[in-house]
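Chemist: Positions 1 to 140 (full-length UniProt numbering) are the ones given, in order, by the sequence shown. For every residue, glycine included, the Cβ atom is placed at its ideal position computed from N, Cα and C. Only a predicted model underlies this, so the values are computations on that prediction, with no experimental measurement involved.
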Amino acid sequence: MTWSMIIYHPIEHIWFLSTLKGSIFNINSDLWSQWSCRAWAVYVICDAIGTLMRSEAVSKEIKTLSTDKTMDKGEKQQKLAELKTKKQRLGIWATCIVCDFLMATHWSVEDGPLSNNQICATGIWGGVAGLYLKWKSSKQ
Numbered sequence: 001m002t003w004s005m006i007i008y009h010p011i012e013h014i015w016f017l018s019t020l021k022g023s024i025f026n027i028n029s030d031l032w033s034q035w036s037c038r039a040w041a042v043y044v045i046c047d048a049i050g051t052l053m054r055s056e057a058v059s060k061e062i063k064t065l066s067t068d069k070t071m072d073k074g075e076k077q078q079k080l081a082e083l084k085t086k087k088q089r090l091g092i093w094a095t096c097i098v099c100d101f102l103m104a105t106h107w108s109v110e111d112g113p114l115s116n117n118q119i120c121a122t123g124i125w126g127g128v129a130g131l132y133l134k135w136k137s138s139k140q
């Protein structure tokens, strides 16, 4: 993930500088934008793999805890509730990842596969899901 961001940020800045009016850089800004989005897509794929692994670990922990006979019932219920909340939030985060991946792949090729309305809806959906997660974690 880190390597993709090390590639992404300089390319993104070069793209931004190339879009300024009267830019001293005479480069193809569309090409730099596409490569920036490709690096972003790599980051999103790595994030998806990490999220899937965390979700599987939480599922295993829930299963192990559910069959544990030694733990106090109240403590067990509280721990299960915490783990289920964590799993739910990972699912919502997966929604954000899917939206980011759709946008990254759309912008990483010329004439992306999605319409402007689909990109707008995807961005809004991912943004609302991310905002919901931030709001929920701020209430803890």
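(1) Which residue spans inside the stretch 72–110 form an unbroken alpha helix (DSSP H) run of at least 4?
(2) Is it buried or exposed, M71, if we count other Cβ atoms within 10 angstroms and call 16 or more buried?
(3) When the Cα atoms are used, what is the spatial distance from G91 to I97?
(4) Secondary structure at N28, three-state DSSP: helix, strand or coil?
(5) Among W40, D30, N28 and T19, whose alpha-carbon lies nearest the alpha-carbon of I6?
(6) Is L114 helix, strand or coil when you go by DSSP?
(7) So, does the stretch 50–65 touch the stretch 107–119, judging by three or more C-beta pairs under 8 Å?
(8) Measuring straight from C-alpha to C-alpha, what distance separates R54 and R89?
(9) Note down the Cα distance separating W107 from I14, rounded to an integer number of angstroms.
(10) Classify T2 as helix, strand or coil using the three-state DSSP reduction.
(11) Would you report the Cα separation of Q77 and S137, rounded to the nearest angstrom?
(12) Per DSSP, what kind of secondary structure is L20 in: helix, strand or coil?
(13) Based on Cα-Cα distance, which residue from C46, S33 and L20 lies nearest to P10?
Modeler: Result, derived from the coordinates:
(1) Listed in chain order, the complete alpha helix (DSSP H) runs (minimum 4 residues) inside the stretch 72–110 are 73–107.
(2) Classification of M71: exposed, given that the 10 Å Cβ count is below 16.
(3) Annotation: G91 to I97 spans about 10 Å, alpha carbon to alpha carbon.
(4) Of the three classes helix, strand and coil, the one that applies to N28 here is coil, per DSSP.
(5) Of W40, D30, N28 and T19, the residue nearest in Cα terms is W40.
(6) Here L114 sits in coil by DSSP.
(7) By the Cβ rule, the stretch 50–65 does not count as touching the stretch 107–119, because fewer than three pairs are nearer than 8 Å.
(8) Between R54 and R89, the C-alpha separation is close to 11 Å.
(9) Between W107 and I14, the C-alpha separation is close to 16 Å.
(10) In this structure, T2 counts as helix in the three-state DSSP scheme.
(11) Their backbone Cα atoms lie some 21 Å apart in a straight line.
(12) Looking at L20 - three-state DSSP - the assignment turns out to be coil, as it is neither helix nor strand.
(13) Selected option, being the one with the closest Cα: S33.
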